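To start, the structure under review is shown below, and the notes come after it.
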Amino acid sequence: MNRREFIAWSGAGVVAASLPKLGVGAAALVEGDIEARIKSILPQLSLDEKISLMSGVLRKTLKEIATSGLRRGQGHGYTGYTVGIKRLGIPQIKCLDGPRGVGFFYRTTCFPVGMARGATFDPDLEEKVGEVMGYEARALGANMLLAPCINLLWHPRWGRAQESYGEDPQHLGAMGSAFTRGVQKHVMACVKHFAVNNVEDTRMKVDARVDERTLQEVFLPHFLRCVEAKAASFMSSYNHLNGPKAGQNRRLVREILKQEWGFEGFVVTDWITAIDNTIEAANAGVDLEMPEGRFYGKKLKAAVKAGQVPVAAIDEAVTRMLRQLFRFVTPDFEKGYTQKEIAGPKHAAVAREVAQKSAVLLKNQGPVLPFSGLKSLAVLGRLAKEDNLGDHGSSRVSSPRVINILDGIKQKAGGLQVSYGGESISEAKALAAKADAVVVVAGLGFKEEGEGHDREAMGLPPDQIELIRAAAGANRKCAVVLVAGSAVTMEGWLDEVPALLLAWYPGMEGGAAVAEILFGEVNPSGKLPIIFPKREDQLFPFENKALKIVYHGFHGYRWFDDKNLEPLFPFGFGLSYTEFKFGGLQLSEKEISKSGKLTVSVEVANTGKVAGEEVVQVYVGCVGSKVSRPKKELKAFARVKLDPGEKKTVSIEIPAQDLAFYDVASTSWVVEPIEYQILAGPSSRESDLLKDRFKVLS
Ligand code: BGC
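In the numbering used here, the protein residues as written are 989 to 1686.
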């Protein structure tokens, strides 16, 4: 497209100052041109046209499907789309779901679930994941991916735990913003679900009650990180927040997100029932109703005509959507994108790397793992041969091929004799007793946890516990591979088992990665992004049937610290086949100003025999704060790779601003001039952490 064609296409007659290259060969308007173009388009739009842009349309007929612009053989549609306005060159919004991969009409790369990816503690890798999903969405003609999901895991029985990255706002922010950056190299990201969407059973009607300080400090900081990463859109959640539905909550959407955070994108409702009041939603700042205009459309027009919704709110919504559409949907949007890449070797390799880095070795007595010198191996459990990729709700991905755990083990077995069974306990015992070692694949699936339904229990189903106990009783070289999207309690079986590898739902390449870890080709390096309690009664009750839940600011490791409880496995925990030693903690200063920053350095040495990766975690605690604070909070982390005998100094910066608490009285973030404790180490466990102190000056 030459310059003249470009200007004609833009419809506004705006002279583009320059056309920088973005994405794969896409020409984009520069920011100033976009704003000018929107300004010139707005007066050309009738009220009906503006309102038509503010809701999706449901494709109802086969003819519409046929004319939707999808290529032949490419399924039957998008998760949601708008009409666009050809006359003025306004493109349609076309959405596909995430966050496990591009769902679910197409056969795309299926990644390990979000919770697994959280366990990598590797934002750079997560950016690559986002890039792959963004590419695949765009190659399929979509321009918006409904991901990342960054609701924090408040209670491990939340049905959608697997879609999120974990329980900690700092960690969620790092992972979610990295993913957003990756996706947005190709299409618009949609950060969901805004906000305090933490149960499934009553998700459409529950009123989440959260005081302002808890909201700002615990439930929102990770969303802000995604705004800073220039997320194009946010999805408002189904639940109510402090009374109104989240999408009708003016304080949340208009004040916090749009005004205080300066969000430049648009807000879309979650699908179908996220809003129920036209005037409240439009005035609160929801820009787009999906998947169709039940409360926008005609009702919105009537509300504007009656003066209940100002035209300015309509213009603002249209402006926000056009701004993002013009940024992303460039004239040559499809150029350079090919569906051949979808789930191809390059993309599968990213899924494999994530599966390798996300598996968490929780126990390894003996050590039983990695297996070596075996002649025979028994693999037990129906989950070993299931393509168990996680939930079957909106995050479902139909992958063209899946390496399940049994296949993965067989492919890596070489001369090793692999027997599979375990339909009955007696058969399982016999197979385990005969083999040199045994692997039991146990865990959960979409029936136990998923969208729309919370987990009923935190333990494994009784038949699986029986299987594990039988196998471990028959063969001491027993490793359990656990498949789940959240924390599992392990009463009655963990003590019997010498080795435990948490694979999560490991994606289309998961079986291969698990086998690589079992046989020692890959050294496990995942870390828990959530705490694992010993028993459910260590936690506060999960009120998933309640219509009103009061959320407090102490969940996960903060709760365990506050109550002095010992978890089964701490947040940030994960073993390796090598040994890491931490030492030489150093703080760049003993005193910093409120606008200053501190550099924390720590030495990590690989004192074992194989190369490995470790995650350095830096927590901060306050000494003598005037408000109640968690004992410690994660402030930063870094992954480091070390050969045997190698030692590295890892330096991490902590700005004083990150130590602030939200002061409700002054509605501002306050850094207290007090003493702070730095705690650095390989997990959040007290005995793992090196400590030092510094002061913030008044
Ligand atoms: C889910 C969203 C999803 C949307 C579209 C909703 O039910 O909560 O996460 O993006 O459906 O499938």
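For glycine and all other residues, C-beta sits at the position ideal for the given N, C-alpha and C.
All values derive from a computational prediction rather than experimental measurement.
Quick one: what's glycine 1431 bridged to in DSSP? Answer by DSSP bridge pairing, in chain order: Val1471.
Is valine 1194 helix, strand or coil when you go by DSSP? Assigned with DSSP and collapsed to three states, valine 1194 falls in coil, not helix or strand.
Residues sharing a beta bridge with aspartate 1680, DSSP: Its beta-bridge partners are Ile1666.
Between which two residues does the beta strand (DSSP E) holding threonine 1307 run? No beta strand (DSSP E) holds threonine 1307; the alpha helix (DSSP H) holding it covers 1299 to 1316.
Check whether the Cβ of histidine 1181 lies closer than 7 angstroms to any heavy atom of the ligand MN, and answer yes or no. The model depicted lacks the ligand MN and carries the ligand BGC instead.
When the Cα atoms are used, what is the spatial distance from leucine 1667 to serine 1639? So the alpha carbons of these two residues sit roughly 14 angstroms apart.
CB contact flag (leucine 1432, valine 1471, <8 angstroms): For leucine 1432 and valine 1471, yes; Cβs fall inside 8 angstroms.
Buried or exposed, going by whether 16 or more other CB atoms sit within 10 Å of the CB of lysine 1293? Of the other Cβ atoms in all chains shown, fewer than 16 fall within 10 Å of the Cβ of lysine 1293; this residue is therefore exposed.
Is the separation between the beta-carbon of valine 1175 and that of phenylalanine 1316 shorter than 8 angstroms? In this structure, valine 1175 places its C-beta atom within 8 angstroms of the C-beta atom of phenylalanine 1316.
The ligand BGC heavy atom lying under 7 angstroms from the CB of leucine 1134: Yes, Cβ of leucine 1134 sits closer than 7 angstroms to a heavy atom of the ligand BGC.
Chain-order list of residues whose beta-carbon lies under 8 angstroms from that of phenylalanine 1682 (same chain, five-residue window excluded): So the list reads Leu1575, Glu1577, Lys1578, Glu1579, Ile1580, Leu1586, Glu1663, Tyr1664 and Ile1666, once near-sequence residues are dropped.
Below 8 angstroms, how does it come out for the region 1271 to 1283 and the region 1292 to 1307: are there three or more Cβ pairs, yes or no? The region 1271 to 1283 makes contact with the region 1292 to 1307; the number of CB pairs closer than 8 angstroms reaches 3 or more.
Is lysine 1082 near glycine 1129, with beta carbons less than 8 angstroms apart? A contact, by the Cβ cut-off of 8 angstroms.
Closest by CA to alanine 1430, which one among Tyr1565, Asn1230 and Val1468? Nearest in C-alpha terms to alanine 1430, of all of Tyr1565, Asn1230 and Val1468, is Val1468.
Can you give me the Cβ contacts of lysine 1289 inside the same chain, cut-off strictly under 6 angstroms, excluding the 5 residues immediately before and after it? Here the set comprises Ile1039.
Candidates Leu1404, Lys1569, Asn1392 and Val1615: closest to lysine 1363 by CA position: Looking at the Cα atoms, Leu1404 is the closest of the given residues.
Is any non-hydrogen atom of the ligand BGC found closer than 7 angstroms to the C-beta of tryptophan 1259, if you look at the structure I gave you? Yes, the beta carbon of tryptophan 1259 sits closer than 7 angstroms to at least one heavy atom of the ligand BGC.
Lysine 1635 to glutamine 1247 span [Cα, whole Å]: Spanning the alpha carbons of lysine 1635 and glutamine 1247 requires a straight line of approximately 47 angstroms.
Grouping DSSP H, G and I as helix and E and B as strand, with all else coil, what is threonine 1257? Note: threonine 1257 maps to strand in three-state DSSP.
At what residues does the alpha helix (DSSP H) containing tyrosine 1123 begin and finish? According to the DSSP assignment, tyrosine 1123 belongs to the alpha helix (DSSP H) that extends over 1111 to 1127.
So what does DSSP say about arginine 1443, is it helix, strand or coil? Three-state result, arginine 1443: coil.
Is the distance from the Cβ of glycine 1147 to the Cβ of glutamate 1531 below 8 angstroms? Taking 8 angstroms as the Cβ cut-off, glycine 1147 and glutamate 1531 do not qualify as a contacting pair.
CB alanine 1339 to CB isoleucine 1505, shorter than 8 angstroms? Not a contact, by the Cβ cut-off of 8 angstroms.
Would lysine 1373 and leucine 1488 be called neighbours here (beta carbons separated by less than 8 angstroms)? No.
Every unbroken alpha helix (DSSP H) inside the region 1213 to 1301 [4 residues or more]: DSSP runs (the alpha helix (DSSP H)) wholly in the region 1213 to 1301: 1266 to 1272 and 1285 to 1293.
Using a Cβ-based criterion (distance less than 7 angstroms to any ligand heavy atom), does serine 1386 qualify as near the ligand BGC? Incorrect: serine 1386 has no Cβ contact closer than 7 angstroms to the ligand BGC.
Which residue marks the beginning of the beta strand (DSSP E) containing tyrosine 1539, and which one marks its end? Residue range 1536 to 1539 is occupied by the beta strand (DSSP E) that includes tyrosine 1539.
Is the separation between the beta-carbon of leucine 1270 and that of leucine 1229 shorter than 8 angstroms? Here residue 1270 is alanine; the residue named in the question, leucine, does not match the sequence. The answer is no: Cβ separation not under 8 angstroms.
Beta-carbon separation (whole angstroms), glycine 1118 vs alanine 1166, contact threshold 8 angstroms: Confirmed, about 7 angstroms.
Apart from the five residues on each side of it in sequence, which residues of its chain come closer than 6 angstroms, Cβ to Cβ, to alanine 1475? Close CB contacts of alanine 1475 within its chain, under the 6 angstroms cut and outside five residues either way in sequence, are with Pro1144, Ile1518 and Phe1520 (chain order).
Among the candidates Thr1168, Phe1211 and Asn1227, whose CA atom is the shortest distance from the CA of alanine 1196? Measuring from the Cα of alanine 1196, the nearest candidate turns out to be Asn1227.
Answer with buried or exposed for alanine 1445, where buried requires no fewer than 16 other C-beta atoms within 10 angstroms of its C-beta. Exposed is the call here.
Name the two residues that bound the continuous alpha helix (DSSP H) containing tyrosine 1545. It spans 1544 to 1550 - the alpha helix (DSSP H) in which tyrosine 1545 sits, taken as one unbroken run.
What number of angstroms, rounded off, separates the C-alpha of cysteine 1466 from the C-alpha of phenylalanine 1109? Their backbone Cα atoms lie some 28 angstroms apart in a straight line.
Residues in its own chain within less than 6 angstroms of lysine 1620 by CB, not counting five upstream and five downstream? Hits under 6 angstroms: Tyr1607, Gly1609 and Leu1667.
First and last residue of the alpha helix (DSSP H) that includes aspartate 1424? DSSP places aspartate 1424 in no alpha helix (DSSP H); its state is neither H nor E.
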